[in-house]
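J.:
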Amino acid sequence: MKNIIVVGGGASGLMAAISAAKSGASVCILEHNEKLGKKILATGNGRCNFSNRLQEPSCYRSSQRNFPWQVIEQFPVEKTIAFFEELGICTRDRGGYLYPGSDQAASVLEVLQMEVERLQIPVEYGVQICGIVKKKEQFEIRTATKRYHCQKLILATGSKASPVTGSDGSGYQYAKDLGHTIAPVLPALVALHAKENFFAALAGVRIQGKVTLFVDGTKCAEDTGELQLTKYGISGIPVFQVSRYASEGLYRKKEVIAVLDLAPNVTEKEMDDILRLRIRRHPERKMTEFFTGMYHQKFSQTILRLSKIDKKKSCQELSEREIMILCRLLKSLRITIKGTNDFDQAQICAGGVRTEEVDPKTMESHCVSGLYFAGELLDVDGICGGYNLQWAWSSGFVAGKCAAQSSIGEREKRI
Numbered sequence: 017m018k019n020i021i022v023v024g025g026g027a028s029g030l031m032a033a034i035s036a037a038k039s040g041a042s043v044c045i046l047e048h049n050e051k052l053g054k055k056i057l058a059t060g061n062g063r064c065n066f067s068n069r070l071q072e073p074s075c076y077r078s079s080q081r082n083f084p085w086q087v088i089e090q091f092p093v094e095k096t097i098a099f100f101e102e103l104g105i106c107t108r109d110r111g112g113y114l115y116p117g118s119d120q121a122a123s124v125l126e127v128l129q130m131e132v133e134r135l136q137i138p139v140e141y142g143v144q145i146c147g148i149v150k151k152k153e154q155f156e157i158r159t160a161t162k163r164y165h166c167q168k169l170i171l172a173t174g175s176k177a178s179p180v181t182g183s184d185g186s187g188y189q190y191a192k193d194l195g196h197t198i199a200p201v202l203p204a205l206v207a208l209h210a211k212e213n214f215f216a217a218l219a220g221v222r223i224q225g226k227v228t229l230f231v232d233g234t235k236c237a238e239d240t241g242e243l244q245l246t247k248y249g250i251s252g253i254p255v256f257q258v259s260r261y262a263s264e265g266l267y268r269k270k271e272v273i274a275v276l277d278l279a280p281n282v283t284e285k286e287m288d289d290i291l292r293l294r295i296r297r298h299p300e301r302k303m304t305e306f307f308t309g310m311y312h313q314k315f316s317q318t319i320l321r322l323s324k325i326d327k328k329k330s331c332q333e334l335s336e337r338e339i340m341i342l343c344r345l346l347k348s349l350r351i352t353i354k355g356t357n358d359f360d361q362a363q364i365c366a367g368g369v370r371t372e373e374v375d376p377k378t379m380e381s382h383c384v385s386g387l388y389f390a391g392e393l394l395d396v397d398g399i400c401g402g403y404n405l406q407w408a409w410s411s412g413f414v415a416g417k418c419a420a421q422s423s424i425g426e427r428e429k430r431i
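For the sequence shown, our numbering assigns the number 17 to the initial residue and increments by one for each residue that follows.
#1: Would DSSP call D239 helix, strand or coil?
#2: Among residues of its own chain, excluding the 5 on either side of Q144, which ones have a beta-carbon nearer than 8 angstroms to its beta-carbon?
#3: What is the residue span of the beta strand (DSSP E) that Y388 lies within?
#4: With which residues is T356 paired in a DSSP beta bridge?
#5: Strictly by DSSP, which residues pair up with S251?
#6: For T373, tell me which candidate among D358, Q80, K328 has the shortest Cα-Cα distance.
#7: CA-CA distance, G386 and N65?
#8: Rounded to a whole number of angstroms, what is the C-alpha to C-alpha distance between Q167 and G185?
#9: Rounded to a whole number of angstroms, what is the C-alpha to C-alpha distance between N82 and D239?
#10: Relative to the C-alpha of Q154, which candidate in I21, Y311, G402 has its C-alpha closest?
#11: Between which residues of its own chain and A191 is the CB-CB distance below 6 angstroms, once the five residues before and five after are set aside?
#12: Could you give the first and the last residue of the continuous beta strand (DSSP E) run that contains C343?
#13: Could you give the residue range of the beta strand (DSSP E) that holds R321?
#14: Can the beta-carbon of V227 be found closer than 8 angstroms to that of L245?
#15: Nearest to G252 by alpha carbon, out of L229, G142, Q224, D358?
#16: Taking only the alpha-carbon atoms, compute the straight-line gap between Q313 and A98 and give it to the nearest angstrom.
#17: With a CB to CB cut of under 8 angstroms and the five nearest residues on each side skipped, what residues in its chain are close to G402?
#18: What is the DSSP secondary structure of F155, reduced to helix, strand or coil?
#19: Nearest to R344 by CA position, among A37, K152, M287, is which residue?
#20: State the start and end residues of the unbroken beta strand (DSSP E) segment that holds V132.
#21: Return the Cβ separation of L52 and V149 in integer angstroms, given the expectation that the two are a contact with Cβ distance under 8 angstroms.
#22: Taking the CB atoms as reference points, tell me whether G249 and L208 lie closer together than 8 angstroms.
#23: Among residues of its own chain, excluding the 5 on either side of H298, which ones have a beta-carbon nearer than 7 angstroms to its beta-carbon?
#24: Which first and last residues belong to the beta strand (DSSP E) in which I223 is found?
#25: Could you give the first and the last residue of the continuous beta strand (DSSP E) run that contains I45?
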């Protein structure tokens, strides 16, 4: 019987196993895929943005606001960099976004696998768990053909996002069976679907902008950057950053509105001045030519349609009211959000094992002694930019270290 079994061989599970083994415990990893770390390979478009130098509590979301940060502080970005440098990863810093020097996610996975091998941590692949129970002071993990036993159990099974990597959400049921409650699991870091049908004409357009999200009239979040307009709505990193609030609002049957500012670097008054200057410079141009050189043609034509201004008009014929309408459309285009992409196109999930039921100092369950959690299975999600991997490293490190210390302490007491 092993001191510790880690269920899940993704980022948090690998870190938990390595941390536990380095702390002196005997560890085993159970993985239901045929390979470790499939999701790591997909991160950062295959380059693995493994962390970010800018770290603050607002980069992490949870029903308990302080919970993620209490964990991150125990294994911050500086320790993450040192950990990977010790394994052979040179860090490439792109404006605070951290990547391996090779620019290959495979490098990160390979050094983790090499460390697992060096520490002689056994890994069992293709393990399909039927159930987990605790009997007295031991956990029993059941498959169709085998029983595994351990003193301490670390659940690091991931979420439901990106099921192509093997993330099937099975860990939620294991946690429920052991007495935990699950916050609604929803797609996050995901594109949003708009009710308006004019997006069909905007597919493929990219534009700098700011998205501000309102749920039942209350401002929840905003972010600025390159927006990607799709046939169904809006995408891009700024949209991903606010999407968890849209998912929550829609789940609770609330009105979700996104307001797009398509000129975030200027005020509404400055935009008004810009439009009037264009009129003075080219008064004879038709409205179909008014935004040429300023915005993508598809976007320009859509704004004109929404304004209901006669396309045959010349710029000099615009009324004060029409100038105001154009200005408002560019600075505060209001759209109704009706849905999100599904889990298969979400980078992560919001929701999961409620953090109120877990000790952030140790990652141990308040419900079941000897049960620990790490990674996306918990109700914690980070913004884009390496934060979800930092959460995996930090939570995995703390869970592994504390599970090992507890196991060794109990063993010494028995001796």
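For each residue, glycine too, the CB sits at the ideal point set by N, CA and C.
Remember, it's a predicted structure, so these values are computed and weren't measured experimentally.
T.: Reading it off the structure:
#1: Locating residue 239 in the sequence shown gives position 223, counting from the first residue. Note: D239 maps to strand in three-state DSSP.
#2: On the sequence shown, residue 144 is found 128 positions in, with the first residue counted as 1. Same-chain partners within the cutoff: H48, T159, A160.
#3: As a first step, residue 388 must be located in the sequence shown, where it is residue number 372. 387–389 is the extent of the beta strand (DSSP E) around Y388.
#4: What you label residue 356 is simply residue 340 of the sequence shown in a count that begins at 1. Looking at the DSSP output, T356 shares a beta bridge with L208.
#5: On the sequence shown, position 235 is the one that residue 251 refers to. S251 is bridged to Q244.
#6: As a working mapping, residue 373 is identified with position 357 in the sequence shown. Note that residue 373 corresponds to Glu in the displayed sequence, not to Thr. Residue Q80 is the option with its Cα nearest to E373.
#7: Position 370 of the sequence shown, counted from the start, is the residue given in the question as residue 386. Position 49 of the sequence shown, counted from the start, is the residue given in the question as residue 65. Rounded to whole angstroms, the separation of the alpha carbons of N65 and G386 is 32 angstroms.
#8: Residue 167 sits at position 151 when you count from the first residue of the sequence shown. Residue 185 sits at position 169 when you count from the first residue of the sequence shown. In a straight line, the C-alpha of Q167 is about 24 angstroms away from that of G185.
#9: Here the question's residue 82 lines up with position 66 in the sequence shown. Here the question's residue 239 lines up with position 223 in the sequence shown. Computed Cα separation, rounded: 22 angstroms.
#10: Stepping through the sequence shown from its first residue, residue 154 is reached at position 138. Here the closest residue by C-alpha is I21.
#11: Along the sequence shown, one-based indexing puts residue 191 at 175. Around A191: V369.
#12: If you number the sequence shown from 1, residue 343 lands on position 327. Note, C343: premise wrong, no beta strand (DSSP E); alpha helix (DSSP H) at 336–347.
#13: Indexing the sequence shown from 1 puts residue 321 at position 305. R321 -> not in any beta strand (DSSP E); alpha helix (DSSP H) instead, spanning 313–323.
#14: In the sequence shown, residue 227 corresponds to position 211, counting from 1. In the sequence shown, residue 245 corresponds to position 229, counting from 1. The answer is no: Cβ separation not under 8 angstroms.
#15: On the sequence shown, position 236 is the one that residue 252 refers to. That would be Q224, whose Cα lies nearest to the Cα of G252.
#16: Position 297 of the sequence shown, counting from 1, holds the residue named residue 313. Position 82 of the sequence shown, counting from 1, holds the residue named residue 98. If you take the alpha carbons of Q313 and A98, they lie about 49 angstroms apart.
#17: Locating residue 402 in the sequence shown gives position 386, where the first residue counts as 1. Cβ neighbours of G402 beyond the five flanking positions: G60, N65, F66, S67, N68, Y113, L114.
#18: Taking the first residue of the sequence shown as 1, we reach residue 155 at position 139. Three-state result, F155: strand.
#19: Residue 344 sits at position 328 when you count from the first residue of the sequence shown. Nearest of A37, K152, M287 to R344, Cα basis: M287.
#20: Locating residue 132 in the sequence shown gives position 116, where the first residue counts as 1. No beta strand (DSSP E) holds V132; the alpha helix (DSSP H) holding it covers 121–134.
#21: In the sequence shown, counting from the first residue as 1, residue 52 sits at position 36. In the sequence shown, counting from the first residue as 1, residue 149 sits at position 133. Not quite, the Cβ-Cβ distance comes to about 26 angstroms (not below 8 angstroms), so this is no contact.
#22: What you label residue 249 is simply residue 233 of the sequence shown in a count that begins at 1. What you label residue 208 is simply residue 192 of the sequence shown in a count that begins at 1. Result yes, Cβ atoms of G249 and L208 sit closer than 8 angstroms.
#23: Position 282 of the sequence shown, counted from the start, is the residue given in the question as residue 298. For H298, where only same-chain residues beyond five positions count, the Cβ hits under 7 angstroms are C331.
#24: In the sequence shown, residue 223 corresponds to position 207, counting from 1. For I223, the enclosing beta strand (DSSP E) begins and ends at 222–231.
#25: Translated into the one-based positions of the sequence shown, residue 45 becomes position 29. Looking at the DSSP string, the run of the beta strand (DSSP E) that includes I45 is 43–46.
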